[in-house]
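Down below is the structure, laid out as C-alpha cells.
Protein chains: 2
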Amino acid sequence: MQINLKETAEFLKSHDNYYILTHQSPDGDTMGSGFGLCYALRKSGKKANVLCSDEFPKRYHFMYEGYEPQKFSPETIVAVDVADRKLLGSKLAQYGDYVDLCIDHHVSNEDYAEKLLVYPDASATCEVLYRVLCEMDFEPDKQIAECLYTGIATDTGCFKYANTTQLAHTITAKLMEYGINIEQINREMFDIKSKARLKVEQYINSAMEYYLDDKCAMAAVTLDTIKKTGLAQEEFEGIAGMSVQLEGVQVGVIIKEKDEGKFKVSMRSASDIDVSAICAKFGGGGHVKAAGCSLEGSLDDVKLRLLSGIAPAMGFDLWLA
Amino acid sequence: MQINLKETAEFLKSHDNYYILTHQSPDGDTMGSGFGLCYALRKSGKKANVLCSDEFPKRYHFMYEGYEPQKFSPETIVAVDVADRKLLGSKLAQYGDYVDLCIDHHVSNEDYAEKLLVYPDASATCEVLYRVLCEMDFEPDKQIAECLYTGIATDTGCFKYANTTQLAHTITAKLMEYGINIEQINREMFDIKSKARLKVEQYINSAMEYYLDDKCAMAAVTLDTIKKTGLAQEEFEGIAGMSVQLEGVQVGVIIKEKDEGKFKVSMRSASDIDVSAICAKFGGGGHVKAAGCSLEGSLDDVKLRLLSGIAPAMGFDLWLA
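If you're matching them up, the sequences are chains A and B in order.
Going by our numbering, the letters in the first sequence line up with residues -3 to 317, in that order.
Going by our numbering, the letters in the second sequence line up with residues -3 to 317, in that order.
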C-alpha cells in the first residue's frame, strides 16, 4: 500500500526497535538513507540498526564512524532504496516477506512492503528521506546531513546527470548548514581510484578503436587479456561510460568476454541514437542511452555484427561492402 | 570604489551601450557572466556586446548560439570575472584603464575599475551576477539560465569543490525552472575529452611513479617526450589533479620541462600536508592544497630534491641516506 510523507512520518514516530535493510552491493544512496534514518530514529529515542548482506564498504566509512549495533528484538522492518526484495541479498532474504515499510525512489519498485513511500521523480532515496524527516520536524546533525548529502551526490553523479532535481539542490543547500565536508566526501566518492581501477581504465583507453568516421568507439576485453594483464574483474563497473568520452563519439561499445567465445556487450549513446533499439536487434535491450546484449563467436565477428547494427542507426548506408 | 548589489543594479539600469569584457583564455564563468549579462541588458532594451581577446571557445557554443554583435559606440565598459586588467589580454588591453564597473568573485581583485562589486565568498562570478539580476527584478530566460548555471558548475567542478556555496545550490535550483539542459551541458563541460587530451592523460598515468610508501605520486614530462610522442602542450591544463587520484596518495607532483633543464613543478595535496610550504622551500608558493615552483638541473636531480622536501613534511625521517 502506497502511503504519503505524513503517513510515513507518523509510522516512524509510532513504532520502535527498527531493523533498517539496505540493498546488496550497497551504494551511497542505500547506505546514506540507511544510516541517516538509523541515526534520526536513535536521536528520537528509538532503537535501530542498519543491516546489509554485504560488508559496509570502506569508502562510506564516515557514515558509520562511531556506529555500534544495538541489542534488541526487532519489531519494525524498514527497507531503504531497495526496489525489489531480491536485492536484499542472501543474508537479509529472511526479512523479504516481512518488510513493514519501504522508502524508495525507483519507478521499478516491486511494491513488496506492507507500506511503500516511493517518489519516482526523486533523484535519490535520501531526497525522499529528507522530506520524511522534515515532516517529522526532525533536525539533522552533521553526520546525518553527510549521509543524506552522499546519497544525493552519488545518485546524481554530483548533480551532473539528468535525474538531478531542483529539490536535490534545495535540500543540499539546507544540509550544508550542518557543516558537511563537501570537498573530502566528493573526493572520496568521485576522484580517488584504486591502482586496479586505474589499470583497467588505462587498458580500456589504449584498446579503444574508432569506426564510422570516429563516431563509434569500441573497446574489447578478452579472457586472454585478463589472464595476461591481471585486470581486476570487479573494477569494470561503470566502465562503459568511458566509451563515449571522446569528443564526437555518438555510440560507444565495451565488449567483455565472459566465457570463451561468449561476449557481454555494453552500449552507450551520447546522441539521439537509441542504443536499446540497436541492442534489441541482437536480442538485448535496456534504455535509450544505455543498453546491452550478448553475442557469441569470434571477437572479430562480434565487432562486425555490432557495427552492421550500429551503422544504419547512425545514418551510414549499407556499411558492409 | 566598492559598491553593493543595489548600487550595481542601479548602475546597470541607468547606463547603456555596453562593452562587456571577459578575461583571456576564457572559462565557463567569464563566458557565462559575460553572455548572461549581455542578454539580460539586451532584454532590458539596452545595447550590449561581449568582447574577448581570444575566440569564444567552441565548448561554450550554447552560450553564443544566435548571438550577433550589435553596432553602437561603446559608452559603458563592464568587466566580468576579470580580477586584474592584465587578464584582459592583448586585444582588450586598450580598455584596461577605462573599466566603469567590474563584477567579480576573486579575493585577489586588483580594484582597477571605477566601481567594483566583488564577493570573494561567492563560488563564481555568475553567482554574483544572478544576485544583481534579482536586485534588478530581472527574469532570466533559458539561455541566460544556462549561461549562469555553466559559470557556477564549472567554477565549482560541478558542485564538488570546497568553494561550493549554499547559494550556488539555491540559485541552481531556481535556474532549473527555466529548463536548463543539465545533462548535455555537464557532459560537454566535464565528460567529453579531445583525442589529444586523452593522450596526455594516458601518458601521465603511465608515467606516474610512486614514492614514500606510495603516499607520494610523481610524473614528469620532458621536452624529449613531447617531441617523441607529440603530446599537445595546451592539453596539460588542470593535469596536476591527476597526481592525487590514486587512493592513499597524499602529495602529487607533475614535473614539466619548459626549457631544456628548466622544470615547472605543480604540487597537489590530498591531505593536511601544506604543499605551499614545501614549494616555498624551492622558492615557489601557492595554496595549501595546490602550489608550484620552478627547478633547474637534471630530471633525476629535480625529483630527488623534491622528494627531500616532501619526505619530512610527510613525517618521513631523514629520507635521503
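All C-beta atoms, glycine included, are put in the ideal place defined by N, C-alpha and C.
For a quick check, are the C-beta atoms of residue i and residue j less than 8 angstroms apart?
i	j	result
residue 111/B	residue -1/B	yes
residue 49/B	residue 147/B	no
residue 199/A	residue 227/A	yes
residue 349/B	residue 17/B	Residue 349/B lies beyond the stretch modelled for chain B, which goes from -3 to 317, so this question has no answer here.
residue 286/A	residue 251/A	no
residue 35/A	residue 139/A	yes
residue 122/B	residue 97/B	no
residue 290/B	residue 258/B	yes
residue 75/B	residue 101/B	no
residue 211/A	residue 244/A	yes
residue 282/A	residue 294/A	no
residue 37/B	residue 84/B	no
residue 79/B	residue 208/B	no
residue 154/B	residue 154/A	yes
residue 134/B	residue 40/B	yes
How many angstroms separate the CA atom of residue i from the CA atom of residue j?
i	j	result
residue 14/B	residue 254/B	40 angstroms
residue 170/A	residue 288/A	39 angstroms
residue 310/B	residue 301/B	15 angstroms
residue 24/A	residue 99/B	38 angstroms
residue 172/B	residue 157/A	13 angstroms
residue 297/A	residue 246/A	22 angstroms
residue 182/A	residue 167/B	20 angstroms
residue 125/B	residue 162/B	16 angstroms
residue 113/A	residue 1/A	7 angstroms
residue 317/B	residue 31/A	At residue 317/B the pLDDT is 45, less than 50, meaning the model places this residue with poor confidence; the figure from the coordinates comes in the next sentence. Looking at the two C-alpha atoms, the distance is approximately 49 angstroms.
residue 26/B	residue 19/B	7 angstroms
residue 299/B	residue 292/B	11 angstroms
residue 61/B	residue 70/B	23 angstroms
residue 313/A	residue 107/A	46 angstroms
residue 59/B	residue 10/A	53 angstroms
residue 55/A	residue 189/A	11 angstroms
residue 12/A	residue 44/A	8 angstroms
residue 284/B	residue 267/B	10 angstroms
residue 95/B	residue 256/B	41 angstroms
residue 229/A	residue 194/A	13 angstroms
residue 105/A	residue 159/A	17 angstroms
residue 214/A	residue 206/A	6 angstroms
residue 201/B	residue 6/B	52 angstroms
residue 46/A	residue 63/A	9 angstroms
Would you call residue i buried or exposed, if buried means 16 or more other Cβ atoms sit within 10 Å of its Cβ?
i	result
residue 204/B	buried
residue 150/B	buried
residue 67/B	exposed
residue 77/B	buried
residue 128/B	buried
residue 165/B	buried
residue -3/A	exposed
residue 89/A	exposed
residue 248/A	buried
residue 225/B	exposed
residue 318/B	Given a span of -3 to 317 for chain B in the structure shown, any question on residue 318/B remains unanswerable.
residue 103/A	exposed
residue 280/B	buried
residue 65/A	exposed
residue 142/B	buried
Closer than 7 angstroms: is that where the CB of residue i sits relative to any heavy atom of the ligand SAH?
i	result
residue 193/A	You won't find the ligand SAH in this model; it holds no ligand whatsoever.
Which residues of the segment 154 to 170 of chain A have a Cβ closer than 7 angstroms to any Cβ of chain B? Give them in chain order. 154, 155, 156, 157, 158, 160, 162, 165, 166, 168 and 169
Closer than 8 angstroms is the cut-off here; do at least three beta carbon pairs connect the segment 233 to 241 of chain B with the segment 251 to 268 of chain B? yes
Given a limit of 7 angstroms on CB to CB distance, which residues of the segment 223 to 253 of chain B reach chain A? 241, 242 and 243
Closer than 9 angstroms between beta carbons: that is the criterion. Which residues of the segment 299 to 313 of chain B meet it against chain A? none
Under 8 angstroms, CB to CB, which of the residues in the segment 180 to 193 of chain B have a partner in chain A? 182, 183, 186, 187, 188, 189, 190 and 191
Within 8 angstroms of chain B by C-beta, residues of the segment 200 to 213 of chain A in sequence order: 201 and 202
Listed from N- to C-terminal order along the chain, which residues in the segment -2 to 23 of chain A have their beta-carbon within a distance smaller than 7 angstroms of any beta-carbon of chain B? none
Give the residues from the segment 47 to 62 of chain A that approach chain B closer than 8 angstroms (Cβ to any Cβ), ordered along the chain. none
Note down, in chain order, all residues in the segment 259 to 292 of chain A with a beta-carbon under 8 angstroms from any beta-carbon belonging to chain B. 266
Interfacial residues, the segment 71 to 94 of chain A to chain B, with Cβ spacing under 9 angstroms: none
Which residues, in order along the segment 114 to 142 of chain B, keep a beta-carbon less than 7 angstroms from a beta-carbon of chain A? none
For the segment 22 to 40 of chain A, enumerate the residues whose C-beta is nearer than 8 angstroms to any C-beta of chain B, in chain order. none
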